[in-house]
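> In this note's numbering, the protein residues as written are 6 to 349.
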């Protein structure tokens, strides 16, 4: 029932002022609330590698438009992986900046605590150029020397149950980086295994989405993608005390990360634990929700920690995430830029 926007959002206005040619809007997960990119209303974009597989979400159409050569880059938002997942599945580079670096005014929020906006493109340099326009801040994103870089890797949580092809691509990349003089530093982060328990009630996303959508769902609930509506409604079951506890858990997890990653140049992990699923494997709700949770698992860690990350394409449909703590955007771009030549 809301009228279309009558003016550009600040992020879009900045792109237009910098000379960007805005060629259109693309299909995506409704309200950006899924890592799979399905859209039952207007159509589901498919993987550029295999039309029987999904493109990943929520920015599915944006990723396909770049992978298919229709656009040089796309603008997406990222609450739990919505830039990085489709970048991984579609063979692109995607940058999730630290939250609040890019203005979100004019965008429909999903989670005001977790939302970021950033680019999907074909290179780290293109992502950095777009980020400079979007954020109004030009970072020093020149590639670092690989020799001596401290690249941290934990097997806790983010490597659990990883698909064999994803695991092989990840291990191959670690070996290649080590051969180039980078230091691969194993570290323990057992607290990450508590994340499913912490977010069992829907997490910050459900709580904050419910605050926005409750009146709309009451009025127009039948018009929603019912899988999206179901996840939003989980927020109705959270109390104020539950929400405050979530915020405290997040602060504690951020402190653990700060202690463990204090000397890291970047933290590496598989962007997504599995390659792009087949679309026909998501027809049953239980399969959809289980797959969605698995696809979101790794990238959502960085949103919970209020960090930043670049996903690089290391194999068809498989991404490597170069991650950093809050405000380490420049260093993440530098490290990603130094890894990028190894992908060619």
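Yeah, the Cβ is synthetic: ideal placement off N, Cα and C, and Gly gets one too.
1) Excluding five sequence neighbours on each side, which residues of the same chain lie with their C-beta closer than 8 Å to the C-beta of residue 286?
2) Mapping DSSP to helix, strand and coil, what is residue 327?
3) Over the uninterrupted alpha helix (DSSP H) stretch that includes residue 318, give me the two end residues.
4) In terms of DSSP beta bridges, what is residue 225 paired with?
5) Using 8 Å for Cβ pairs, my map puts residue 79 next to residue 67. What's the rounded Cβ distance?
6) For residue 240 and residue 207, which I take to be in contact (beta-carbon distance under 8 Å), what is that distance rounded to the nearest angstrom?
7) With distance defined between alpha-carbon atoms, name the residue in 92, 349, 288 and 273 nearest to residue 312.
8) If you check the beta carbons only, do residue 94 and residue 281 fall under 8 Å apart?
9) Less than 7 Å between C-beta atoms, sequence neighbours within five positions excluded: which residues of the same chain meet that for residue 266?
10) Does residue 72 come out as helix, strand or coil in the three-state DSSP assignment?
11) Report back the beta-carbon spacing between residue 364 and residue 127 to the nearest angstrom; my notes put them in contact at under 8 Å.
12) By DSSP's criteria, residue 157 is part of a beta bridge. Which residues make up the other side?
13) Is DSSP giving residue 124 helix, strand or coil here?
14) Would you identify the three-state DSSP class for residue 333, choosing helix, strand or coil?
15) Should residue 49 and residue 284 be called a contact, given that it needs their Cβ atoms to be closer than 8 Å?
16) Could you give the first and the last residue of the continuous beta strand (DSSP E) run that contains residue 83?
17) For residue 323, which residues of its own chain have a beta-carbon under 7 Å away from its beta-carbon, when the five flanking residues on both sides are left out?
18) Where does the unbroken alpha helix (DSSP H) through residue 250 begin, and where does it stop?
19) By Cβ distance below 6 Å, which residues in the same chain neighbour residue 162 in space, the five residues on each side in sequence not counted?
20) Do residue 310 and residue 259 come within 8 Å of each other at the CB atom, strictly closer than that value?
21) In the structure shown, what three-state DSSP assignment does residue 199 receive?
22) What are the start and end residues of the alpha helix (DSSP H) that includes residue 100?
23) Alpha helix (DSSP H) containing residue 52: first to last residue?
24) Rounded to a whole number of angstroms, what is the C-alpha to C-alpha distance between residue 261 and residue 139?
25) State the DSSP-derived secondary structure class of residue 59, mapped to helix, strand or coil.
26) Counting C-beta neighbours from all protein chains within 10 Å, is the total for residue 24 16 or more, i.e. buried, or is it exposed?
27) What number of angstroms, rounded off, separates the C-alpha of residue 70 from the C-alpha of residue 76?
28) By the three-class DSSP mapping on this structure, what secondary structure does residue 105 have?
29) On the DSSP letters alone, give me the boundaries of the alpha helix (DSSP H) that residue 139 sits inside.
30) Tell me whether the beta-carbon of residue 306 lies closer than 8 Å to the beta-carbon of residue 200.
31) Report all residues from its chain with a CB closer than 7 Å to the CB of residue 21; omit the five preceding and five following residues, and keep chain order.
32) Report the CB separation of residue 88 from residue 141 in whole angstroms; it is logged as a contact under 8 Å.
33) Thinking C-alpha only, which one of 112, 276, 110 and 45 is nearest residue 233?
34) When DSSP labels each residue in this structure, what does residue 219 get in the three-state scheme?
35) What does the alpha-carbon distance come out to for the pair residue 248 and residue 298?
If we stick to the structure as given:
1) 292 and 296
2) In the three-state scheme derived from DSSP, where H, G and I count as helix and E and B as strand, residue 327 is classed as strand.
3) Segment 313-320 is the beta strand (DSSP E) holding residue 318; no alpha helix (DSSP H) there.
4) BP columns for residue 225 are empty, so no partner.
5) 3 Å
6) That belief holds up - the Cβ atoms of residue 240 and residue 207 are roughly 6 Å apart, short of 8 Å.
7) For residue 312, the closest alpha carbon among the candidates 92, 349, 288 and 273 is that of 273.
8) Contact flag set, yes.
9) 157, 272 and 330
10) helix
11) The requested residue 364 is not part of the displayed model; the chain covers only 6 to 349.
12) 190 and 272
13) strand
14) coil
15) Yes; because the gap between Cβ atoms is below 8 Å, this pair is in contact.
16) 79-83
17) 93, 170, 171, 174 and 280
18) 245-265
19) 197 and 198
20) yes
21) helix
22) From DSSP, residue 100 is part of no alpha helix (DSSP H) but of the beta strand (DSSP E) over 98-101.
23) Boundaries cannot be given for residue 52, as no alpha helix (DSSP H) includes it and DSSP labels it neither H nor E.
24) 30 Å
25) strand
26) exposed
27) 6 Å
28) coil
29) Note, residue 139: alpha helix (DSSP H), 129-140.
30) yes
31) Here the set comprises 13 and 27.
32) Wrong, their Cβ atoms sit about 19 Å apart, outside the cutoff.
33) 45
34) helix
35) 20 Å
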